[in-house]
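J.: All residue numbers for the sequence shown refer to the numbering used here, where the first residue is 288 and numbers rise by one.
Just passing along the structure, written as structure tokens.
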Amino acid sequence: MASLEGCAQNTFQIQGGAQAVTLKSPLAAEVLLEVDDVAVAWGPGKVGDALKTALVRSGAFTQVHFPIHPSRAVSNKLQIVAKGNIETDAGAAVGKSIATGLLLFLPVGVLQYRDVFAISAAVSVFSEDRKFEPVTVESKVAADHSLFSGPETYALQAQRMVLEELANRIVAALAKHPEWFVR
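Below, the structure is given as structure tokens:
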């Protein structure tokens, strides 16, 4: 079997990267986080943990209650409804697959295929008795890989990157509205 050493590697590109936000003080001391990510085709159950980590790391909140909620009332609540999919350029993929077959698999490690991991989230803020209009935040990461790269070689990295980027964009969107939160 031939070695593919030196052939194309998996590459990733964040599409329209967000600017990092530096907060002078937290938006609020604590927030209750509710996440509905059932509609994320490439793996529900991951958005909440990624967002919790980013919200604390960015300094937006000192404490984020997720997945376990306290028995006492919390003044601020974030509700996230996420939808995600994998976009593939089927036309180009078919053409490349045919070319690979006709050339007896010689270009298998050279031709790159692109999957775009996309996610959008409707972010609603509840502060005491007030509810603010949801803000929609989107993130996309393109993963270029060879034909026989199993998803385990690139999908986990692409998912991690798209969730991290989504979390950064949510923090940036919330930072524009500090008045939404009870300190």
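Heads up, the beta-carbon is just placed ideally off N, CA and C, and yes, glycines get one too.
Quick one: give me the first and last residue of the beta strand (DSSP E) that V471 is part of.
T.: Residue coverage of the chain in this structure runs from 288 to 470, which leaves residue 471 outside it and unanswerable.
J.: Between the region 448-457 and the region 326-340, do at least 3 Cβ pairs fall closer than 8 Å?
T.: yes
J.: Pairing CB atoms from the region 361-368 with CB atoms from the region 310-323, are three or more of them under 8 Å?
T.: At 8 Å Cβ cutoff, the stretches touch.
J.: Can V449 and N363 be called in contact, C-beta distance under 8 Å?
T.: Cβ distance not < 8 Å, so V449 and N363 don't count as in contact.
J.: Compare the Cα-Cα distances from Q300 to each of Q350, E425, V412 and F404 and report the closest residue.
T.: Answer by Cα proximity: F404.
J.: Looking at C-alpha atoms only, which residue of K311, Y441 and A408 is the closest neighbour of A347?
T.: K311
J.: Exposed or buried, what is A307 when buried is set at 16 or more other beta-carbons lying within 10 Å of its beta-carbon?
T.: exposed
J.: Tell me the rounded alpha-carbon separation between R359 and F353.
T.: 14 Å
J.: Is T298 near D431, with beta carbons less than 8 Å apart?
T.: Yes. Within cutoff.
J.: Between the C-alpha atoms of V458 and Q296, what's the straight-line distance to the nearest angstrom?
T.: 32 Å
J.: Please report the Cβ distance between K333 and Q446, rounded to the nearest whole angstrom; I am assuming they are in contact, meaning their Cβ atoms lie under 8 Å.
T.: 7 Å
J.: Counting only the same chain and skipping the five closest in sequence on each side, list residues whose C-beta sits under 7 Å from that of S426.
T.: Here the set comprises I406, V449, E452, L453 and R456.
J.: Near G303, what residues of its chain come up, given a Cβ to Cβ distance below 8 Å and the 5 sequence neighbours on each side ignored?
T.: K427
J.: Which of helix, strand or coil does DSSP assign to V308?
T.: Looking at V308 - three-state DSSP - the assignment turns out to be coil, as it is neither helix nor strand.
J.: Leaving aside the five residues before and after S414 along the sequence, list all residues of the same chain whose C-beta is less than 7 Å from its C-beta, in chain order.
T.: S362, N363, W467, F468 and V469
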